[in-house]
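Peer 1: Mind having a look at this structure? Questions to follow.
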Amino acid sequence: MRGAVSVSTAASNPFPTGMLGRQTLKLIVVAVFSMTNVGSYAQTPPSQVQEIAPEPDPTVIERLRPQGAPLKYELPPIDPKQVPPPTPLMPRESVSVPDRWRIMDSLGFKFPWYDPYNHNVYKGDKPFEPFAKWGPDWFLALSAISDTLIETRRLPTPPGAQSSLRPGANDQFGRSKQTVLVETLIFSIGILKGNTTFKPPDYEFRFVPAIQINHALIGEVRGLRIDPREGKKRTDSHLGIQEAFADVHLRNVSDRFDFDSVRVGIQPFTSDFRGFLFQDVPVGIRVFGIRDNNQLQYNLAYFRRLEKDTNSGLNDISQMPRKDHLLVANLYKQDFPVLGHTTQATIIHNINRESGRDYYDKNGFLVRPAVIGDVRPRNYQVTYLGLNGDGHFGVWNLTSSFYLALGTDQRHPIAQQKQKIRAGFAAAELSRDYSWLRVRANALVASGDKNPFDGKATGFDAIFENPQFAGADTSFFIRQAVPLIGGGGVALSARNGVLPSLRSSKDQGQSNFVNPGLALLGIGVDADLTPEVRVLGNISKLNFMNTSVLGVLRNQKPPSKDLGTDVSVGVQYRPFMSQNVVLNVSAAALLPGKGLKQLYEEGKRGPQYSILLNLLLTY
């Protein structure tokens, strides 16, 4: 075997004699290993040894080395009939589409006319074909809102002056529980002309009627109507016109659609970001526009306030507009003083000339002039200088408002003399967001009058406030109108108002700058537990700035400045994660301080409270 191996090796050696190549060395190593191996294989004769080839593995794909030159992609020949490529450094050109609004329809995306979640001609997504005779791009926008309210509350209520349901009831306070049911239907009809996606509409006409049915139940007679024979229940209804205006686009002043427009008619207007001074739907004319690519916005307006329906608060156009005039000028500057913050400067001049005949509301109560002092009609004029801001500084959100009121009250009924108006207001909300949680801190100061007889009216009052602040509708003190029992037919605070202005009515009364003022300090939290559920909580400490005027009206020693603590919690549920269905549930209480106990004997009867259920349906 050794010889055979040697001969075979020598015969296959390609190298010259005397030289040892790598192949020869490998063969020698294999032969030596075979002879020294123990086992049957080593004892088998060479003639019987068969080489067994391994079976191929089907999971392994044999890689083949590429052969030849790599593939090359050759461009097809250029067809001169095709559209030429765009020329470098030249404006882009496109081919217009005759009716781009209905491209989706042509592709088969068609939705029912009653579907509010997709393209719909009745909500202004596509031009309204019956308006085509007026020209292209006329749109129709329809919407409807159902606002259902159920509210139960406990407020200080006096027994009837003429009579009472309970024989021998001669106490200052009567049964204080009240229940209110309200259903309001709001319809909006809008007609617009123009491509509103990229620029303001050329024309806009809007008409918004509102129908309300309300029912109230209280524990005492004469609280709802002047005549005690009307009982302690009242059901009323009213049709009001909340918007009716025409908007005309005057001109564009830049290629970025900076513009000037004019709006005439009954229209909504808010003087600041949170509605501290004036938020209403008066009748008037407003010129507005933008400059510097929407960095600057301005308003110039003249408004005249409309009479309100007593029980619904809706506009009452069956009566002549009030002799309450407003001249407005404001300017918004975005990204000032820092990026993400908007600053507004405003001037509003309010001229009230309602010193004529006495005005009684729908329920028979005298509201102009207010039943305080000598109950004499009066005129006044006041100028508000304001500076407001809304935005964020880094991670901190800040909303602020500052006002200075300067003017003259012709003859205040308490002082029975002319008064110089010198009052101030400041409010701020600082908040920070932590993912699904927003934490807020609120502070508000409204100056109060120190001496009603010194010829200076230093209590701040607004024109028509509706503040979105410190809980707003969920807060007891802001939402409820607390009557000043024994101090005349005025309320300590108006409904949906934060200022203790001692008005006969926020809707129909006059501003009063002889009031105790207010200091508010509170904290709050907004928690988005899920996309459908939001929880709101607020705690606010309330103090009067000065109580001299309360002592005069109640004919007693001025009460303590400690008004109390407002505690509220609310839950908002949106089952479809949109504003189409919104359910609000809230509960609030005013824990009495020393001043409130002195005014209403709250220590004997418990805290004032309210429970609210509100359902909003929007289509």
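So my numbering is basically just the index in the sequence shown, starting at one, shifted up by 136.
The C-beta atom is built at its ideal place from N, Cα and C for all residues, glycine as well.
Nothing here was measured: the structure is a model prediction, and the numbers come from that model.
(1) Going by C-alpha to C-alpha distance, which of L727, G658 and D416 sits closest to G700?
(2) Quickly, what does DSSP pair S491 with across the bridge? List them, please.
(3) Is it buried or exposed, R489, if we count other Cβ atoms within 10 angstroms and call 16 or more buried?
(4) Do you know offhand how far L450's Cα is from L243's?
(5) In angstroms with no decimal places, state the Cα-to-Cα distance between H351 and N486.
(6) For a test of the three-state rule: what should DSSP assign to A268, helix, strand or coil?
(7) Measure how close the beta-carbons of W274 and P263 come, nearest whole angstrom, since I'm counting them as under 8 Å.
(8) To the nearest angstrom, how far is the alpha carbon of F85 from that of N430?
(9) With a cut-off of 8 Å, do at least 3 Cβ pairs link the stretch 708-721 to the stretch 667-687?
(10) Looking only at its chain, what residues have a beta carbon closer than 6 Å to the beta carbon of L748, apart from the 5 residues adjacent to it on each side?
(11) Among residues of its own chain, excluding the 5 on either side of K444, which ones have a beta-carbon nearer than 8 Å to its beta-carbon?
(12) Could you pull out every residue in the same chain whose Cβ sits closer than 6 Å to the Cβ of D394, ignoring the five residues on either side in sequence?
(13) What is the DSSP secondary structure of S242, counted as helix, strand or coil?
(14) Since G543 contacts Y516 with CB under 8 Å, what's their CB separation in whole angstroms?
(15) Using only the alpha-carbon positions, how far apart do L540 and K554 sit?
(16) As a quick exercise: from R358, S536, N587 and L523, pick the residue whose alpha carbon is nearest that of A577.
(17) In its own chain, which residues sit with a C-beta less than 7 Å from the C-beta of L375, not counting the 5 before and 5 after it?
(18) To the nearest angstrom, report how far apart D338 and V423 are at their CA atoms.
(19) Just to confirm before moving on: does the CB-CB distance between L654 and S676 stay below 8 Å?
(20) To which residues of the same chain is S647 closer than 6 Å at the C-beta, ignoring the five residues directly before and after it?
(21) Compare the C-beta of K269 against all C-beta atoms of chain B and say whether one is closer than 8 Å.
(22) Would you mind working out which of P364, L638 and V507 sits nearest F680, comparing C-alpha positions?
(23) Exposed or buried, P212, counting other C-beta atoms within 10 Å across all chains shown (16 or more means buried)?
(24) Give me the DSSP bridge partner(s) of F680.
(25) Within this structure, are the beta carbons of L502 and L467 separated by less than 8 Å?
(26) Less than 6 Å between C-beta atoms, sequence neighbours within five positions excluded: which residues of the same chain meet that for L328?
(27) Where do the ends of the beta strand (DSSP E) carrying Q692 lie?
(28) Restricting to Cα atoms, I'd like to know which of Y258, V318 and H528 is closest to D283.
(29) On a Cα-Cα basis, can you pick out the residue from Q403, V688, P694 and K313 that is closest to P549?
(30) Is the closest heavy atom of the ligand MN to the C-beta of D283 under 7 Å?
(31) Roughly how many angstroms lie between the CA atoms of W237 and I322, to the nearest whole one?
(32) On the criterion of 16 or more Cβ atoms from any shown chain inside 10 Å, does F605 qualify as buried, or is it exposed?
(33) When the Cα of G260 is compared with those of L678, F381, R342 and L686, which residue comes out closest?
(34) For T519, collect the residues of the same chain with a Cβ closer than 8 Å to its Cβ; drop the 5 residues on either side in sequence, then sort them by chain order.
(35) Using the beta-carbon count (16 or more within 10 Å), is K592 buried or exposed?
(36) Which term fits V389, buried or exposed, when burial requires 16 or more other beta carbons within 10 angstroms of its beta carbon?
Peer 2: Quick answer:
(1) L727
(2) In DSSP, S491 forms no bridge with anything.
(3) exposed
(4) 46 Å
(5) 34 Å
(6) The three-state reading of DSSP puts A268 in helix, counting H, G and I together.
(7) 6 Å
(8) A query on residue 85 cannot be resolved here, the shown segment of the chain reaching from 137 to 755 and no further.
(9) yes
(10) E287 and S722
(11) L450, N451, D452, D643 and Q644
(12) Cβ neighbours of D394 beyond the five flanking positions: I426 and R427.
(13) helix
(14) 6 Å
(15) 20 Å
(16) Proximity to A577 across R358, S536, N587 and L523 peaks at S536, based on C-alpha coordinates.
(17) Counting only Cβ-Cβ distances below 7 Å, and skipping sequence neighbours, we find P345 and I347.
(18) 14 Å
(19) no
(20) D597
(21) Among the chains in the structure shown there is no chain B, since it carries only a single protein chain.
(22) Residue L638 is the option with its Cα nearest to F680.
(23) exposed
(24) F680 pairs with nothing; no bridge assigned.
(25) no
(26) F275, P337 and E340
(27) Taken as a continuous stretch (DSSP letters only), Q692 belongs to no beta strand (DSSP E), as it is neither H nor E.
(28) Here the closest residue by C-alpha is V318.
(29) The residue with the shortest Cα to Cα distance from P549 is V688.
(30) Questions concerning the ligand MN fall outside what the structure shown contains, since it holds no ligand whatsoever.
(31) Going by C-alpha positions, W237 is about 29 Å away from I322.
(32) buried
(33) R342
(34) I483, I484, H485, N486, A541, L542 and G543
(35) With 16 or more other CB atoms across the displayed protein chains lying within 10 angstroms of its CB, K592 is buried.
(36) V389 comes out exposed.
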